[in-house]
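In the numbering used here, the protein residues as written are 264 to 334.
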């Protein structure tokens, strides 16, 4: 990805189905909200490893509900 780590901002779109894929792949960054209806970003990735895991979660999301944008 061409954005530097500090410019990457992951986000969850409203059509998330709370399947827990992102949580399982990158738990420090992703979790499920208290009502169990959608994923939430707990923290933005800080290290290259966390960015890699977050990108894997993005690519694995079955409904493409994870996005990344520049800050």
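We put the beta carbon where it would ideally sit given N, CA and C, even for glycine.
First and last residue of the uninterrupted beta strand (DSSP E) at residue i
i	result
residue 271	271 to 275
residue 329	329 to 333
residue 303	302 to 304
residue 295	293 to 295
First and last residue of the uninterrupted alpha helix (DSSP H) at residue i
i	result
residue 343	This structure cannot speak to residue 343, because the chain is shown only from 264 to 334.
residue 287	284 to 288
Beta-carbon gap between residue i and residue j smaller than 8 Å
i	j	result
residue 291	residue 305	yes
residue 295	residue 286	yes
residue 317	residue 308	yes
residue 249	residue 273	This structure cannot settle anything about residue 249, because the visible part of the chain is limited to 264 through 334.
residue 323	residue 283	no
Residues of its chain near residue i, where Cβ-Cβ distance is below 6 Å and the 5 sequence neighbours each way are ignored
i	result
residue 321	329
residue 301	279, 281
residue 266	Model confidence at residue 266 stands at a pLDDT of 46, short of 50, so the residue's coordinates are unreliable; what they give is reported in the following sentence. Once the five neighbours on either side are set aside, the close Cβ partners of residue 266 are 333.
Supposed close pair residue i, residue j - CB separation, criterion 8 Å
i	j	result
residue 314	residue 271	6 Å
Close Cβ partners of residue i (< 7 Å) along its chain, the five nearest in sequence each way excluded
i	result
residue 299	281
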